[in-house]
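Let me begin by presenting the structure, written as structure tokens, before commenting on it.
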Amino acid sequence: MLNHNGYRGKSLAFLQKNNVRIGDVVKVMADSSYSGILMPRYEYSDDEHVVLKLKSGYNIGLEIDKIKKIETESSANMKKETLPQVQVDPKLPKLLLISTGGTIASKIDYRTGGVTPALTAAELNAAVPELGKIANIDTEVLFSEYSENLLPEHWKKIAEKIDSCIRSEYKGIIVAHGTDTMQYTAAALSFALAGIPIPVALVGSQRSSDRPSSDAALNLISAAKFLVESNASGIYVVMHNSTNDDDVACHWGTCVRKNHTSKRNAFQTIGGSPAYIVKSDSVEKNPQFNYVKREYAPRINFDRRVALVKYYPGLDPKIIDYIISSGYKAIIFEGTGLGHIGKIMYEYVGKAKKKGLFMGMTSQCIDGMVRMTVYESGRDLLNLGIIPLSNMIPETALVKAMWALGNSKNSEGVEKLMKENIASEFSD
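Residue numbers (numbering that gives the first Met the number 0): 0 to 427.
Dropping the structure here:
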């Protein structure tokens with residue numbers, strides 16, 4: 000049976016009639032002549048087009064009604080790729096790469112139309128041969144999920160795996176991770192593994208590795224160089240520093256945010272510059288980068304009963320009643336300006352306080368400190384029991400509250416941890 004993943008209706012009938020399948024190298028005559036690999040399509044795509052990957056690496060959609068002729072130049076019936084045996088260099092350090100489902104080192108199997116992780120040592124070396132010159136890399140698939148599907152339970156599994164390797168021979172650990180929720184996982188690991196004595200690099204790719212503009216290989220190579228050469232410790236997000244391939248940034252795990260949907264340099268350190276920059280010939284530390292050094296004492300528990308409430312004009316304050324009745328134990332407010340919410344919320348904030356919920360205030364502003372003593376409204380909220388969280392990023396505050404709740408016996412314990420600078424989440 001021919002493989003036509005994602006094709007249906009008119010487009011499926013067209014391919015079946017011409018005996019063409021995904022992975023075939025085909026020549027198409029339309030307004031011009033095109034040669035490329037027939038690609039799979041998304042399951043919700045229309046049935047009016049076929050998609051080719053050209054030799055340039057870019058994809059093109061061709062309307063079926065305008066195709067005069069399509070013929071197969073070579074078939075997708077390929078032998079399974081034979082990979083060379085990995086040569087271990089005893090002079091090089093060892094790294095561990097843990098996959099959580101990101102496609103940073105993946106490839107498209109044109110016979111099935113699926114994206115296949117290249118995660119054995121042999122596949123990694125074949126996909127990114129530069130890695131073999133930096134370190135000997137072991138690999139393990141922890142789970143395979145899009146990052147938007149990750150939950151605090153997944154953070155715990157990642158943290159437990161990393162903790163189990165602390166006393167091993169690994170000089171550092173790479174966590175391959177989807178970019179959409181990478182900042183949440185970075186914050187979770189930063190708190191759960193505070194004081195970790197080795198460096199951990201969360202690495203992703205904004206553009207899949209089959210695209211000519213992919214950032215996957217350089218991000219992975221730079222992460223390996225950073226782990227081997229920096230003598231750092233702690234949790235970092237390692238991604239492109241600019242839209243070109245000049246350098247890669249290593250962001251501190253509690254101070255990083257994804258600020259663009261698709262740019263290769265989507266991740267930025269909020270309130271400062273990246274902790275390290277990896278260039279082609281060096282790893283440079285930011286002289287202004289400082290972090291809280293502490294004894295390693297992992298606390299790997301999370302309690303998801305925390306709500307992140309973004310205040311806006313017109314927000315129904317009864318949402319606080321829902322949060323209380325649903326059994327939540329903490330609220331992180333993303334307030335306006337210096338840390339404000341409208342007075343329409345005050346009565347309900349008072350209810351939450353009486354019920355013993357921890358309430359913390361962050362700001363919707365990208366940068367700057369929460370200062371609730373400046374205006375009367377801020378002072379009113381302080382009197383109602385809301386705790387200002389300085390310049391902590393709202394997403395980081397949410398994760399920290401889940402961690403604090405999971406590692407405390409009561410609300411007083413949560414408040415104490417939330418005020419303490421655990422993993423440099425309060426930056427200068």
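For each residue, glycine too, the CB sits at the ideal point set by N, CA and C.
- For Q267, the enclosing beta strand (DSSP E) starts and ends at 266-268.
- The beta-bridge partner set that DSSP reports for D137 consists of L95.
- Under the three-pair Cβ rule at 8 angstroms, the stretch 397-404 counts as touching the stretch 297-304.
- Three or more beta-carbon pairs drawn from the stretch 315-324 and the stretch 344-354 are found closer than 8 angstroms, and the two stretches are therefore classed as touching.
- About 6 angstroms separates the CB atoms of K257 and Q182; that is less than 8 angstroms, so the two are in contact.
- Using a Cβ-Cβ distance cut-off of 8 angstroms, the stretch 278-289 and the stretch 375-393 are not in contact, since fewer than three pairs of beta carbons, one from each stretch, lie closer than that value.
- According to the DSSP secondary-structure assignment, F332 is paired through a beta bridge with V308, M360.
- In this structure, the beta-carbon distance from L149 to T180 falls below 8 angstroms.
- Under DSSP, P387 takes part in a beta bridge, and its partners are M360.
- In the DSSP assignment, N218 falls within the unbroken alpha helix (DSSP H) covering 215-228.
- The DSSP-derived three-state label of V348 is helix.
- Counted as a single uninterrupted DSSP element, the beta strand (DSSP E) harbouring I276 occupies residues 275-278.
- In the DSSP assignment, the residues bridged to V282 are V277.
- At least 8 angstroms separates the beta-carbon of A306 from that of F357.
- Spatial neighbours of I330 in its own chain (CB-CB distance under 7 angstroms, excluding positions within 5 residues in sequence) are listed in chain order as A306, V308, I322, A351, L356, M358.
- DSSP, read as helix, strand or coil, puts T395 in helix.
- Between the stretch 148-164 and the stretch 241-261, the count of Cβ pairs shorter than 8 angstroms is below three; the stretches do not touch.
- According to DSSP, P198 shares a beta bridge with G233.
- In the DSSP assignment, V413 falls within the alpha helix (DSSP H) that extends over 410-418.
- Within its own chain, the residues whose Cβ lies closer than 7 angstroms to the Cβ of A193, once the five positions on either side in sequence are excluded, are R293, I421, A422, listed in chain order.
- Contact annotation: T242 and A175 have beta-carbon atoms that are not nearer than 8 angstroms.
- Of all alpha-carbon atoms in I197, K155, S73, G177, the one lying nearest the alpha-carbon of K93 is that of I197.
- Rounded to whole angstroms, the gap between the alpha carbons of S31 and D46 is 21 angstroms.
- In this structure V87 is exposed. Its beta-carbon is surrounded by fewer than 16 other beta-carbon atoms within 10 angstroms.
- With fewer than 16 other Cβ atoms inside 10 Å of its own Cβ, L53 counts as exposed.
- Closest option to M360, judged by alpha-carbon separation, among M417, I59, K155, R304: M417.
- Take I319, set aside five residues on each side of it, and the residues of its chain with a beta-carbon closer than 6 angstroms to its own are Y347, A351, in chain order.
- Judged by DSSP secondary structure, L51 falls within the beta strand (DSSP E) whose first and last residues are 48-53.
- The shortest C-alpha to C-alpha distance from T138 to any of E70, Y169, K328, E159 is the one to Y169.
- In this structure S73 is exposed. Its beta-carbon is surrounded by fewer than 16 other beta-carbon atoms within 10 angstroms.
- Under the three-state reduction of DSSP, H153 is assigned to helix.
- For M28, the uninterrupted beta strand (DSSP E) run begins and ends at 24-28, by DSSP.
- Counting the other Cβ atoms within 10 Å of the Cβ of A223 gives 16 or more, which makes it buried.
- In this structure, DSSP gives R378 a helical state, which the three-state scheme calls helix.
- Under the 10 Å beta carbon count, M38 is surrounded by 16 or more other beta carbons and is classified as buried.
- A residue is called buried once 16 or more other Cβ atoms fall within 10 Å of its Cβ, and G377 is buried on that count.
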